[in-house]
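Take a look at the structure set out below.
Residue numbers (our numbering): 79 to 540.
Next up, the structure:
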């Protein structure tokens with residue numbers, strides 16, 4: 079975006095909020111302000127537009143808000159003349175670290191002295207970006223927006239978009255090859271697993287009337303089943319790309335998701351859940367672990383204490399994509415001294431096994447996961463002295479249990495599924511007896527901290 083015809087009006091002159099032109103991989107309008115300038119406002123105003131001859135018009139633009147809590151706000155406005163007040167068309171406060179959003183808005187009360195503006199309000203976020211602002215006749219064929227991959231499989235994806243003309247046909251371009259399609263959403267087939275594609279779409283409003291192309295999106299098809307053996311473990315340290323490879327992330331609630339943090343907050347890549355709220359799940363590719371002796375999951379995680387809370391991590395598994403997720407362990411407490419290494423035995427091996435890291439934000443300092451490995455303990459670098467053994471019986475229990483472990487003198491803690499500390503003990507010998515008789519029925523976690531790793535075992539109290 080570059081135009082000398084736009085001007086900036088600071089609506090709070092005493093605060094240093096400002097619209098500027100920023101050039102990185104592309105040129106955009108950018109709103110920023112100092113950390114101590116909460117409440118900063120600035121309005122980006124278009125030149126005067128003569129729209130009196132149009133029967134209708136639409137405004138389209140792209141925006142991104144790389145927000146921290148609290149979210150900044152962006153208002154799209156219009157006025158019919160310079161003497162008119164500004165009228166709000168829409169207000170946006172969506173935060174997202176990775177995506178650009180598109181908006182298409184009808185413009186009312188057209189005149190020969192029409193103007194649009196964008197009012198940015200800094201409330202503690204990071205930046206607001208604007209680009210590709212366009213005002214066009216509503217009688218034109220309006221381009222689709224909001225392309226989104228709805229389902230992602232190894233050889234096909236389901237893609238959807240927002241249309242504005244009531245059309246029933248589109249041209250879908252996949253890596254430069256055009257296809258006329260008559261459905262939205264539309265399933266693209268005959269793709270290759272773990273391969274990159276770029277798509278865009280245009281509307282067909284009539285035989286001789288088609289829209290401009292939408293903004294393109296790129297995606298990577300899902301991975302096929304990964305076979306894990308005793309000799310060939312599965313590992314991922316998230317260093318190979320600035321996006322997930324053979325992992326999918328899904329939002330459960332809220333708007334925050336898992337991303338690969340490429341060293342901004344840590345010295346190397348790590349899976350990072352943005353801490354602003356909501357829940358999201360990071361899901362592995364299907365793993366065939368039926369040939370693995372004593373299949374084990376090892377990973378590192380970090381959750382730092384916030385002002386009054388800590389974000390939460392749960393580890394889950396399922397034996398197939400059609401099955402329900404089962405809890406392996408829950409970590410609603412802060413880690414001490416940075417990253418904590420955990421090893422978990424993987425029950426019920428299958429040829430389509432998946433593990434997941436489910437994060438829940440409580441406005442603390444985020445959830446970090448790194449150096450994930452699945453295989454035999456020896457193949458993934460866990461020595462017997464590193465990973466404490468833990469066998470619990472009877473499990474389920476109605477009262478007393480015995481913990482059989484090789485981690486002599488290690489600390490043992492028992493927590494409920496909400497992270498409440500229920501009991502502490504020291505592993506004084508190979509066998510440690512614990513009394514659960516006073517506990518309410520439910521699921522509890524026994525954590526045994528070895529010298530270089532922590533073993534967690536789930537216990538069911540009936």
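Backbone N, C-alpha and C fix where the C-beta goes; we use that ideal spot for every residue, glycine too.
Subject >> Which listed residue (379, 177 and 468) has its alpha carbon closest to that of residue 226 >> reply: On the chain shown, residue 226 is found 148 positions in, with the first residue counted as 1. Measuring C-alpha to C-alpha distances from residue 226 to each of 379, 177 and 468 identifies 177 as the nearest.
Original post:
Rounded to a whole number of angstroms, what is the C-alpha to C-alpha distance between residue 170 and residue 143?
Top reply: Locating residue 170 in the chain shown gives position 92, counting from the first residue. Locating residue 143 in the chain shown gives position 65, counting from the first residue. Note on geometry: alpha-carbon atoms of residue 170 and residue 143 lie some 9 Å from one another.
**OP:** My understanding is that residue 413 touches residue 438, with C-beta atoms under 8 Å, so please give their C-beta distance in whole angstroms.
**Re:** Against the chain shown, residue 413 aligns to sequence position 335. Against the chain shown, residue 438 aligns to sequence position 360. Incorrect: roughly 16 Å between the Cβ atoms, too far for contact.
Original post:
What's the gap between the Cα of residue 514 and the Cα of residue 373?
Top reply: Within the chain shown, the letter at position 436 stands for residue 514. Within the chain shown, the letter at position 295 stands for residue 373. Between residue 514 and residue 373, the C-alpha separation is close to 29 Å.
Original post:
Where does residue 398 land, buried or exposed, given buried means 16+ other C-beta within 10 angstroms?
Top reply: Translated into positions along the chain shown, residue 398 becomes position 320. Around the beta carbon of residue 398, a 10 Å sphere encloses fewer than 16 other beta carbons of the protein chains shown; the residue is thus reported as exposed.
Original post:
What's the C-alpha gap between residue 198 and residue 357?
Top reply: As a working mapping, residue 198 is identified with position 120 in the chain shown. As a working mapping, residue 357 is identified with position 279 in the chain shown. The C-alpha of residue 357 is placed about 28 Å away from the C-alpha of residue 198.
**OP:** Go through the stretch 253-334 residue by residue and report every complete run of the beta strand (DSSP E) that reaches 3 residues or more, in order.
**Re:** Correct list: 255-259, 264-266, 274-284, 295-298, 304-307, 312-314 and 325-331.
Original post:
To the nearest angstrom, how far is it from the Cα of residue 473 to the Cα of residue 480?
Top reply: Counted from its first residue, the chain shown places residue 473 at position 395. Counted from its first residue, the chain shown places residue 480 at position 402. Whole-angstrom Cα-Cα distance: 9 Å.
Subject >> Runs of beta strand (DSSP E) lying entirely within the stretch 165-217, each at least 3 residues, in chain order >> reply: The DSSP assignment places complete beta strand (DSSP E) segments of no fewer than 3 residues inside the stretch 165-217 at 165-170, 179-185, 193-199 and 206-215, in order along the chain.
**OP:** Determine the DSSP secondary structure at residue 129, reduced to helix, strand or coil.
**Re:** Along the chain shown, one-based indexing puts residue 129 at 51. Reduced to three states, the DSSP call for residue 129 is coil.
Original post:
Contact check, residue 259 vs residue 269 under 8 Å by CB: the rounded distance?
Top reply: In the chain shown, the residue the question calls residue 259 occupies position 181. In the chain shown, the residue the question calls residue 269 occupies position 191. Actually they do not touch by this definition, with Cβ atoms about 15 Å apart.
**OP:** Measuring alpha carbon to alpha carbon, tell me which of 210, 476, 364 and 295 ends up nearest residue 141.
**Re:** What you label residue 141 is simply residue 63 of the chain shown in a count that begins at 1. Looking at 210, 476, 364 and 295, the one whose alpha-carbon comes closest to that of residue 141 is 210.
**OP:** With DSSP as the reference, label residue 503 as helix, strand or coil.
**Re:** Along the chain shown, read from residue 1 onward, the residue named residue 503 stands at position 425. Correct three-state label for residue 503: strand.
Original post:
In its own chain, which residues sit with a C-beta less than 7 Å from the C-beta of residue 124, not counting the 5 before and 5 after it?
Top reply: Stepping through the chain shown from its first residue, residue 124 is reached at position 46. 84, 193, 194 and 195, listed in sequence order.
**OP:** Buried or exposed for residue 539, please, with buried defined as at least 16 other CB atoms from any protein chain shown within 10 angstroms of its CB.
**Re:** Your numbering for residue 539 matches position 461 in the chain shown. Buried, because 16 or more other Cβ atoms sit within 10 Å of the Cβ of residue 539.
Subject >> Alpha-carbon to alpha-carbon, residue 119 and residue 213 >> reply: Working through the chain shown from its first residue, we reach residue 213 at position 135. Working through the chain shown from its first residue, we reach residue 119 at position 41. The straight-line gap from Cα to Cα measures roughly 24 Å.
**OP:** Would you grab the beta carbon distance between residue 262 and residue 238 for me? Rounded to a whole angstrom, and I think it's under 8 Å.
**Re:** For the purposes of this step, residue 262 is identified with residue 184 of the chain shown, where counting begins at 1. For the purposes of this step, residue 238 is identified with residue 160 of the chain shown, where counting begins at 1. The Cβ separation is near 6 Å, so the contact holds.
**OP:** Starting from the C-beta of residue 164, find all residues in its chain whose C-beta is less than 7 Å away, skip the five residues before and the five after it, and write them out in chain order.
**Re:** Your numbering for residue 164 matches position 86 in the chain shown. 155, 157 and 195.
Subject >> Paired residues, beta bridge with residue 123 - DSSP >> reply: Position 45 of the chain shown, counted from the first residue, corresponds to residue 123. Partner residues in the beta bridge of residue 123, as assigned by DSSP, are 85 and 195.
Original post:
Of the choices 149, 128, 206 and 315, whose alpha-carbon is the least far from that of residue 106?
Top reply: Here residue 106 refers to the residue found at position 28 when the chain shown is read from its first residue. Taking the Cα of residue 106 as reference, the smallest distance to any Cα among 149, 128, 206 and 315 is reached at 206.
Subject >> CB-CB length for residue 232 against residue 299, believed under 8 Å >> reply: Taking the first residue of the chain shown as position 1, residue 232 is located at position 154. Taking the first residue of the chain shown as position 1, residue 299 is located at position 221. About 6 Å separates the beta carbons of residue 232 and residue 299, which is inside the 8 Å limit, making them a contact pair.
Original post:
According to the neighbour-count rule (16 or more other Cβ atoms, all chains shown, within 10 Å of its Cβ), is residue 434 buried or exposed?
Top reply: As a first step, residue 434 is located in the chain shown; it is residue number 356 there, counting from the start. So residue 434 ends up on the buried side.
Original post:
Hey, would you say residue 347 sits closer than 7 Å to residue 316, going by beta carbons?
Top reply: For the purposes of this step, residue 347 is taken as the residue at position 269 of the chain shown. For the purposes of this step, residue 316 is taken as the residue at position 238 of the chain shown. Cβ atoms of residue 347 and residue 316: closer than 7 Å.
Subject >> Beta-carbon proximity list for residue 417, same chain, < 6 Å, skipping 5 on both sides >> reply: Counting from one through the chain shown, the residue named residue 417 turns up at place 339. Its chain contains 378 and 380 as the residues whose beta carbon lies nearer than 6 Å to that of residue 417, once the 5 sequence neighbours on both sides are disregarded; these appear in chain order.
Original post:
Any idea if residue 518 is buried or exposed, counting beta-carbon neighbours within 10 angstroms, 16 or more meaning buried?
Top reply: In the chain shown, counting from the first residue as 1, residue 518 sits at position 440. Exposed: under 16 other Cβ atoms inside 10 Å.
Original post:
Just curious, the beta strand (DSSP E) that residue 388 is in, first and last residue?
Top reply: Indexing the chain shown from 1 puts residue 388 at position 310. Judged by DSSP secondary structure, residue 388 falls outside any beta strand (DSSP E); it is assigned neither H nor E.
**OP:** Apply the 10 Å Cβ neighbour rule to residue 265 and answer buried if 16 or more other Cβ atoms are within range, or exposed otherwise.
**Re:** As a working note, residue 265 is residue 187 in the chain shown. Classification of residue 265: exposed, given that the 10 Å Cβ count is below 16.
Subject >> Selection from 382, 400, 384 and 361 that minimises the alpha carbon distance to residue 393 >> reply: Within the chain shown, residue 393 is the residue found at index 315, counting from 1. For the residues 382, 400, 384 and 361, the minimum Cα distance to residue 393 belongs to 361.
**OP:** Starting from residue 417, follow its DSSP beta bridges and name the residues at the other end.
**Re:** Residue numbering aside, residue 417 sits at position 339 when the chain shown is read from its first letter. None; residue 417 has no bridge partner.
**OP:** Identify, in the order they occur along the chain, each residue of the same chain with its Cβ nearer than 7 Å to the Cβ of residue 132, setting aside the five sequence neighbours on each side.
**Re:** The residue given as residue 132 occupies position 54 in the chain shown. Within the same chain, residue 132 has close Cβ partners 188 and 215.
**OP:** Kindly examine the ligand FAD and report whether one of its heavy atoms sits closer than 6 Å to the Cβ of residue 136.
**Re:** Only the bare structure without any ligand can be found here, which leaves the ligand FAD out of the picture.
Original post:
Taking the continuous beta strand (DSSP E) assigned at residue 219, which residues delimit it?
Top reply: The residue labelled residue 219 in the question sits at position 141 within the chain shown. Note, residue 219: premise wrong, no beta strand (DSSP E); not H, not E.
Original post:
Can you give the beta carbon distance from residue 522 to residue 482, rounded, assuming they're within the 8 Å contact cut?
Top reply: For the purposes of this step, residue 522 is taken as the residue at position 444 of the chain shown. For the purposes of this step, residue 482 is taken as the residue at position 404 of the chain shown. The Cβ separation is near 17 Å, so there is no contact.
Subject >> For residue 382, the three-state DSSP class (helix, strand or coil) >> reply: Translated into positions along the chain shown, residue 382 becomes position 304. In this structure, residue 382 counts as coil in the three-state DSSP scheme.
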